[in-house]
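Using this note's numbering, you'd call the opening residue of the sequence shown number 591 and step up by one each time.
Glycine is no exception: its CB is placed at the ideal position from the N, C-alpha and C atoms.
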Amino acid sequence: MKNDVGKENIKLKRWIVNFQSSIQFSQVYVSENWYQGGTSNVNLLSDQQFSVKYNDPKEQRILFENLIQWRLNINSAPEDTLRSIRISEDLFQINSKFGLKAYNNWYYTATLNFKTQFFTSYTANTNDKSASFLSPAELNLGLGMSYQYKNDKKQFETSVSLSPLSYNLQFVIDDDMNPSNFGIKSGKSMNQYGSSFEGRIKWEFYHNMVWTCRLFYFTNYEHVQGDWENTFDFILNRFFSTRLFVHLRYDDALALNKDLGHFQLKELLSFGFNYKF
């Protein structure tokens, strides 16, 4: 009789589900007689991420990754005579990637990216809307190849998606908003065909420091649109962390800014609650 003592029947987990919740807080106080002026304000940043991945560790023939993210930044607005709070960021985003293995770490892939916002935001001291639900909204579909890599210690992982065939749709459904503010030249929607690229990096370069990066690029060979998002998490313990978020965006279809040109920049340093399971 064969001795099976010490052996365990390990069942392969086909789906890996993760949820990460981060609620960050920052506060600035400026006295009325501060020599440079300025206003006091309070910021609340919520970042919720839900991901589902298909797990095929033996064959690795199928690649299927899905990520849903909602990032909301609310801050007090003492200079706004109509509202006490202002929404400085409201991003709801869905990313999906399906692929079949070609060779080594390369896959033939189809990608989907959709983003919009939930709440309505306004220009300060006016009732003019600057954004609302599905206004604007953007959908990008791509066909191409992807490269996936993760080191043995799982401290570094990266993915690159090249889509020579890409379709981009932008639309606005709110009748109170001007579509031209979002680069839509005529009507309420704009269809574009071109190529896209997306690269992602997650690197735990120290035991309590994590850098997450996303670079996205789309061109219809007439205009260029790009996003470069960087998040640095300094983990204090299981529940608390400090976060630095820097987002650089480029869109040459929008009006030229005298200081930044076609670039847009957003930066936020915050502290708060962070939990992942």
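Residue i versus residue j - alpha carbon distance
i      : j      : result
Tyr807 : Asn771 : 20 angstroms
Leu731 : Leu838 : 22 angstroms
Lys719 : Phe709 : 11 angstroms
Ser671 : Ser779 : Residue identity check: residue 671 is Thr in the sequence provided, not Ser. Answer to the nearest angstrom: the Cα atoms are 33 angstroms apart.
Lys705 : Arg804 : 15 angstroms
Lys792 : Glu622 : 43 angstroms
Lys597 : Ser611 : Note that Lys597 scores a pLDDT of 49, beneath 50, so its modelled location is shaky; the value from the coordinates is reported in the next line. Approximately 37 angstroms between the Cα atoms of the pair.
Met799 : Arg673 : 37 angstroms
Pro647 : Ser711 : 45 angstroms
Leu702 : Lys848 : 34 angstroms
Ala692 : Asn741 : 20 angstroms
Glu747 : Thr802 : 10 angstroms
Lys687 : Ser786 : 14 angstroms
Thr809 : Lys775 : 16 angstroms
Asp764 : Ala721 : 9 angstroms
Leu602 : Glu819 : 34 angstroms
Met591 : Glu649 : Because Met591 carries a pLDDT of 48, less than 50, the predicted location of this residue cannot be relied on, and the following value inherits that uncertainty. C-alpha separation (whole angstroms): 33 angstroms.
Ile675 : Phe615 : 15 angstroms
Gly816 : Val836 : 14 angstroms
Gln617 : Tyr811 : 43 angstroms
Thr716 : Gln707 : 20 angstroms
Phe822 : Ser831 : 10 angstroms
Val632 : Tyr619 : 9 angstroms
Reduced DSSP secondary structure (H/G/I, E/B, other) of residue i
i      : result
Lys597 : With a pLDDT of 49 at Lys597, under the threshold of 50, the modelled position of this residue cannot be trusted; read the value that follows with caution. Three-state DSSP puts Lys597 in coil, outside helix and strand.
Ser612 : strand
Pro769 : helix
Asp646 : coil
Val607 : strand
His813 : coil
Thr716 : coil
Leu733 : strand
Glu788 : strand
Lys689 : The question names Lys, yet the displayed sequence has Gly at residue 689. Strand, per DSSP.
Arg676 : strand
With 16 other Cβ atoms within 10 Å as the buried cut-off, status of residue i
i      : result
Val762 : buried
Ala714 : exposed
Phe609 : exposed
Leu892 : The chain is shown only over 591 to 867; residue 892 falls outside these bounds and no answer can be derived.
Ser630 : exposed
Leu635 : buried
Ala845 : exposed
Thr699 : buried
Pro769 : buried
Lys743 : exposed
Asn663 : buried
Gly784 : buried
Tyr865 : exposed
Gly734 : buried
Glu655 : buried
Short Cβ contact (7 angstroms threshold) for residue i with residue j
i      : j      : result
Ile684 : Lys643 : no
Leu681 : Arg651 : no
Met767 : Ser725 : yes
Leu859 : Leu834 : yes
Glu788 : Ser756 : no
Asn758 : Gln738 : no
Ser678 : Asn665 : yes
Phe829 : Phe863 : yes
Ser953 : Arg790 : For residue 953 there is no data in the structure shown, the boundaries of the chain being 591 and 867.
Ala843 : Gly777 : no
Ile658 : Phe640 : yes
Residue(s) in a DSSP beta bridge with residue i
i      : result
Gln683 : Gln659 and Lys705
Val762 : DSSP lists no partner for Val762.
His837 : Glu819 and Lys856
Gln745 : Beta-bridge pairing links Gln745 to no other residue.
Glu669 : According to DSSP, Glu669 bridges with nothing at all.
Lys740 : Glu747
Interface flag, residue i vs chain B, CB-CB below 7 angstroms
i      : result
Asn665 : Although the question refers to chain B, the structure presented lacks it and comprises just one protein chain.
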